[in-house]
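J.: My structure is below; once you've seen it, I'll send some questions.
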DNA sequence: TCCTTAGTTCAAAAGTTATTGAACAATTGG
DNA sequence: CCAATTGTTCAATAACTTTTGAACTAAGGA
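Protein chains in written order, with the numbering used here: chain A, 44 to 161; chain B, 44 to 161.
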């Protein structure tokens, strides 16, 4: 029940760039970066598209090596593969995230934060 | 006889990333970076595809704001828009070029250097 | 067990991008 | 003017990508 991920040395520059060249996926990466450390499940991104469509985009990100998906019960916990990307393409992720942070044209992941239920 | 270019603030992150997510275009950018300052005409890239196909890829790069094409006689002199890209997306181009420099999977622009004819 | 929640898979449709060749335009040199 | 050089445009096709809905799987809770 583990999903396929490329290992670090298999991550390809054109594939990563191509995958990030999509507003939906860039919005996902931007949101993941803003919540770094916190593992988020897929339904967090439902603002960005249908369940099916997100499954598609999240698979693209995972197959490119940009994210990692860990199966936890019926959930897939999604994290950015920051260390791997930094090792393979130093500075790339940082500059992409910094640029994406200011990009008003990107769709936003809404703020239905459940956190702090105490 | 000037070709259309976006101005700096019109350059879009997802479009730039998408355009760079293609091995042919990444190879063009890598080569331009390696010859920075030297304006190169389109036929420099003929190793990477047919004349028509290069016209297509070079137009994509230009329309995305990655390159500038200046008309000089029957030539289009192509340069990287490094200052504009650095202003808009600090660090992005550097990290892409550094990563592309080591990428053996990218096609190469051959070495038919004419230079130093003196 | 049955129901719900979370997400995937499949096939179809729609849309986009890449590649090709033939025809075209513009400039330069003879 | 004529021919060569440089690159574009156009239309066709091929190849991919995105989006959709319906059907499905797998785990967890009542």
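A virtual CB, placed ideally from N, CA and C, is assigned to each residue, including glycine. Just so we're clear, the structure is a prediction, and the values are computed from it rather than from any experiment.
Taking residue 140 of chain A as the reference, which of A/73, A/53, A/60 has the closest Cα?
T.: Residue 140 of chain A sits at position 97 when you count from the first residue of the first chain. Measuring from the Cα of residue 140 of chain A, the nearest candidate turns out to be A/73.
J.: What are the residues of the segment 122-156 of chain A that lie near chain B, defined by any Cβ-Cβ distance shorter than 8 Å?
T.: Answer in chain order: 131, 132, 133, 134, 135, 137, 138, 139, 141, 142, 143, 146, 148, 149.
J.: Could you tell me which of B/124, B/142, B/138, B/115 sits nearest to residue 85 of chain B, measuring between CA atoms?
T.: Counted from its first residue, the second chain places residue 85 of chain B at position 42. Answer by Cα proximity: B/115.
J.: Excluding the 5 residues preceding and the 5 following residue 118 of chain B in the sequence, name in chain order all residues of the same chain whose CB lies nearer than 6 Å to its CB.
T.: By 1-based counting over the second chain, the position of residue 118 of chain B is 75. 84, listed in sequence order.
J.: Would you say residue 93 of chain A lies against chain B (beta-carbon separation less than 9 Å)?
T.: If you number the first chain from 1, residue 93 of chain A lands on position 50. Taking Cβ atoms only, chain B never reaches closer than 9 Å to residue 93 of chain A, which makes this a no.
J.: Counting Cβ pairs, one atom from each stretch, are 3 or more of them under 8 Å apart for the segment 93-109 of chain A and the segment 59-79 of chain A?
T.: Output reads yes: the segment 59-79 of chain A touches the segment 93-109 of chain A.
J.: Alpha carbon to alpha carbon, how far is residue 111 of chain A from residue 88 of chain A?
T.: The residue given as residue 111 of chain A occupies position 68 in the first chain. The residue given as residue 88 of chain A occupies position 45 in the first chain. So the two alpha carbons sit approximately 15 Å from each other.
J.: Looking at chain B, which residues of the segment 81-108 of chain A have a Cβ within less than 9 Å of any of its Cβ atoms?
T.: The residues in question: there are none.
J.: Could you tell me if residue 138 of chain A is buried or exposed, where buried requires 16 or more neighbouring beta carbons within 10 angstroms of its beta carbon?
T.: Here residue 138 of chain A refers to the residue found at position 95 when the first chain is read from its first residue. So residue 138 of chain A ends up on the buried side.
J.: Taking its Cβ as the centre, do 16 or more other Cβ atoms sit within 10 Å of residue 127 of chain B, making it buried, or is it exposed?
T.: Counting from one through the second chain, the residue named residue 127 of chain B turns up at place 84. Buried, by the Cβ-count rule.
J.: Out of B/144, B/109, B/120, B/145, state which residue places its alpha-carbon closest to the alpha-carbon of residue 50 of chain B.
T.: Against the second chain, residue 50 of chain B aligns to sequence position 7. Nearest C-alpha to residue 50 of chain B: B/109.
J.: Between residue 56 of chain B and the rest of its own chain, which residues show a CB-CB distance below 7 Å, the 5 nearest in sequence each way excluded?
T.: For the purposes of this step, residue 56 of chain B is taken as residue 13 along the second chain, with counting starting at 1. Within the same chain, residue 56 of chain B has close Cβ partners 132.
J.: Could you tell me which uninterrupted alpha helix (DSSP H) segments, each at least 4 residues in length, are contained entirely in the segment 59-106 of chain B, listed from first to last along the chain?
T.: The segment 59-106 of chain B contains these whole alpha helix (DSSP H) runs: 66-77.
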